[in-house]
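Trainee: Using this note's numbering, the letters of the sequence shown correspond one by one to residues 31 to 447.
Just so it is clear, CB atoms sit at the ideal spot from N, CA and C, and this is done for glycine as well.
All of these numbers come straight from a predicted model, not from anything done at the bench.
Structure in structure tokens, see below.
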Amino acid sequence: MQEGRPMAGNFRVESAEDIRPLQIRIRGSRGLVRVELVNGFQPGARYHFRYLPAHGVWQHPDHLTVAIDNGVVHTAGEYAIKLAPRPIYKVSSVPTSSGSCFEPSPAVVQEFTYAIPAQLANYREFLSYAVDDFTVLRPKPPKPPKFNFIAGWPYEPELYDSGWAPGSASRVDPEYSAQRNAVRAACGNRLTRVRMSGMVGFPEVDDKFYRTAAVQFDMRANVEGGCGELEALLRTMRNRPPERVLRQVCGTVLGSDFKYGGIGLADVGMVQWTLALSFLYQMSPTCNIVALAHLWQAEQNVPDAEALKALAAALQPAFERADPALRNQTAHALAYLAAELPESSRRRVAPPLLTPLIGALIEDLESSHPNRPDELARLILWGGALPPALRLRVQAIAGGRTSAAPHAKVLLAGLPR
């Protein structure tokens, strides 16, 4: 190359089907480099391109084979940004100023894709696209944000896609593709109204780009689901390979061997699970307990009684010292795990895992405004028989007037004598 510019002489092309003399032409196209044949490609032929100059290590291939379809396709037509019917709460891996670079966090997500002319449907994977006009609509200057653990997580919507075009305002994310892109914002964000438009083209077909009309939406309008950690994570896993999602959004709290070491969840050792449950922060309890539920409901890596006691011994002090929100998140995830297990597995797993937590669970049930009292009562019931002192506390709850009273009565009726 000269001065960073490729030249026709840098490439060689061969084709068994196209017996014409083949001459390469290099043209620029909105920041891209098009390697073409001067006399055009022959329908039905295959061409093998090779880059000739020596170079150091780089990520680009030195050779490429392309097949030319028999049909002639034109790119002219209607293009548009096509929004998903409604925003949705999901878990995203977001920037943080803590020890790790990213942490899982619930977010409100407006997914979108691009509507393209019907004749190009088979070529969607070759679509080049980008939102190059992305505006967060501000009715008034926002209040300074409160800083929290995830200090790097944006306080206004951000665009995430994996498209490419000049002037792109997006962040590349492996979760997104030409099939699906997204605007994401932290839960509770006050700035949720967005206007955007973009450019699309098929540089594998021609050098034309087309502008879409602007779309405008409010990410707080008609959102599907709630922003709880468990619900958002399960929604993210819906209709997708669970282990892939857990690696992508929860990998930083599930252990480096799972995220980066190439091992599967079933190969994560019990020592790692014990360590993870001994230190609860942010979404770590939800991610780890959902991962265990995924394994145990499939009868994979179900621990024996001694290993369950070790897990419980690690979890108990972490659960008892957690703040109310983190404790509620953990109890909610434990209720999900126990409910997902087959009955025979639950009778074996739940008592040793939950019994050390019973005192703290009853304490939460005694609150004047307990959170999810039905789940707390079920966890206590699944833990097994209660000592007399704890049974008396449940009886007092059942005789009270809080929202936990009816659930405490059901709990008492179900407890073994």
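In terms of residues, what are the limits of the alpha helix (DSSP H) holding residue 261?
Mentor: Within the sequence shown, residue 261 is the residue found at index 231, counting from 1. 259–267 is the span of the alpha helix (DSSP H), which, as asked, contains residue 261.
Trainee: Let me check understanding here. Comparing Cα to Cα, which of 388, 72, 45, 146 lies closest to residue 78?
Mentor: Within the sequence shown, numbered from 1, the residue matching residue 78 stands at position 48. The candidate whose alpha carbon is nearest that of residue 78 is 45.
Trainee: Counting only runs that start and end within the stretch 367–436, where is the alpha helix (DSSP H) found for 4 or more residues in a row?
Mentor: Counting whole runs of 4 or more residues, the stretch 367–436 contains the alpha helix (DSSP H) stretches 373–384, 388–395, 403–413, 418–428.
Trainee: Based on DSSP bridge pairs, tell me the residues matched to residue 249.
Mentor: The sequence position of residue 249 within the sequence shown is 219, counting from 1. Answer by DSSP bridge pairing: none, since residue 249 is not bridged.
Trainee: So who's on the other strand from residue 144, going by DSSP bridges?
Mentor: Translated into the one-based positions of the sequence shown, residue 144 becomes position 114. Per DSSP, 111.
Trainee: Sort 336, 303, 340, 335 by Cα distance to residue 323 and report the nearest one.
Mentor: If you number the sequence shown from 1, residue 323 lands on position 293. Considering only alpha carbons, the answer is 303.
Trainee: Can you list, in chain order, the residues of its chain with a C-beta nearer than 7 Å to that of residue 250? Leave out the 5 residues immediately preceding and following it.
Mentor: Position 220 of the sequence shown, counted from the first residue, corresponds to residue 250. Cβ neighbours of residue 250 beyond the five flanking positions: 222.
Trainee: What residue does the beta strand (DSSP E) around residue 47 start on, and which one ends it?
Mentor: Indexing the sequence shown from 1 puts residue 47 at position 17. Neither: residue 47 is in no beta strand (DSSP E) and is coded neither H nor E.
Trainee: Do the stretch 137–147 and the stretch 284–296 make contact, defined as three or more Cβ pairs closer than 8 Å?
Mentor: Taking a contact to require three or more Cβ pairs closer than 8 Å, the stretch 137–147 and the stretch 284–296 do not qualify as touching.
Trainee: Nearest to residue 346 by alpha carbon, out of 306, 117, 237?
Mentor: Here residue 346 corresponds to residue number 316 of the sequence shown, with the count starting at 1. The shortest C-alpha separation from residue 346 is found at 306.
Trainee: Secondary structure at residue 123, three-state DSSP: helix, strand or coil?
Mentor: Translated into positions along the sequence shown, residue 123 becomes position 93. Strand at residue 123.
Trainee: Could you tell me the alpha carbon to alpha carbon distance between residue 292 and residue 317, rounded to whole angstroms?
Mentor: Here residue 292 refers to the residue found at position 262 when the sequence shown is read from its first residue. Here residue 317 refers to the residue found at position 287 when the sequence shown is read from its first residue. Their Cα atoms are separated by approximately 18 Å.
Trainee: Could you give the uninterrupted runs of the alpha helix (DSSP H) lying entirely in the stretch 272–304, keeping only those of 4 residues or more?
Mentor: 272–280, 286–290
Trainee: Which residues mark the beginning and the end of the alpha helix (DSSP H) in which residue 351 is found?
Mentor: Residue 351 sits at position 321 when you count from the first residue of the sequence shown. Run containing residue 351: 335–351, per the alpha helix (DSSP H) assignment.
Trainee: Along the beta strand (DSSP E) that carries residue 211, what are the first and last residues, could you check?
Mentor: The residue labelled residue 211 in the question sits at position 181 within the sequence shown. That run of the beta strand (DSSP E) goes 211–216.
Trainee: When you compare only the Cα positions, how much space is there between residue 196 and residue 228?
Mentor: Locating residue 196 in the sequence shown gives position 166, where the first residue counts as 1. Locating residue 228 in the sequence shown gives position 198, where the first residue counts as 1. Any reading at residue 196 must be qualified, since the residue scores a pLDDT of 48, below 50, and its modelled position is unreliable; the value itself is stated next. Distance between the alpha carbons of residue 196 and residue 228 is about 10 Å.
Trainee: On the criterion of 16 or more Cβ atoms from any shown chain inside 10 Å, does residue 403 qualify as buried, or is it exposed?
Mentor: As a working note, residue 403 is residue 373 in the sequence shown. Buried, because 16 or more other Cβ atoms sit within 10 Å of the Cβ of residue 403.
Trainee: Is there contact here, the stretch 148–158 with the stretch 266–276, by at least three beta-carbon pairs under 8 Å?
Mentor: No, the stretch 148–158 is not in contact with the stretch 266–276.
Trainee: In three-state terms, what does DSSP make of residue 197?
Mentor: As a working mapping, residue 197 is identified with position 167 in the sequence shown. Below a pLDDT of 50, predicted positions are generally treated as unreliable, and residue 197, at 46, falls in that range; the measurement from the model is reported next regardless. Note: residue 197 maps to coil in three-state DSSP.
Trainee: Please tell me whether residue 423 and residue 252 are closer than 8 Å, where the distance is taken between their beta carbons.
Mentor: Counting from one through the sequence shown, the residue named residue 423 turns up at place 393. Counting from one through the sequence shown, the residue named residue 252 turns up at place 222. Inclusion of residue 423 and residue 252 in the CB contact set at 8 Å is not warranted, their separation being larger than that value.
Trainee: Hey, how far is the Cα of residue 398 from the Cα of residue 243?
Mentor: Counted from its first residue, the sequence shown places residue 398 at position 368. Counted from its first residue, the sequence shown places residue 243 at position 213. If I take the Cα positions, the gap works out to 53 Å.
Trainee: Looking at the unbroken alpha helix (DSSP H) that takes in residue 324, where does it start and where does it end?
Mentor: Residue numbering aside, residue 324 sits at position 294 when the sequence shown is read from its first letter. Segment 314–326, the alpha helix (DSSP H) holding residue 324.
Trainee: Would you call the stretch 210–222 and the stretch 97–105 in contact, with 3 or more CB pairs under 8 Å?
Mentor: no
Trainee: Rounded to a whole number of angstroms, what is the C-alpha to C-alpha distance between residue 76 and residue 68?
Mentor: Residue numbering aside, residue 76 sits at position 46 when the sequence shown is read from its first letter. Residue numbering aside, residue 68 sits at position 38 when the sequence shown is read from its first letter. If you take the alpha carbons of residue 76 and residue 68, they lie about 16 Å apart.
Trainee: From the DSSP output, which residues share a beta bridge with residue 185?
Mentor: Here residue 185 corresponds to residue number 155 of the sequence shown, with the count starting at 1. Secondary-structure assignment with DSSP links residue 185 through no beta bridge to anything.
Trainee: When the Cβ atoms of the stretch 107–121 are set against those of the stretch 83–91, are three or more pairs found closer than 8 Å?
Mentor: no
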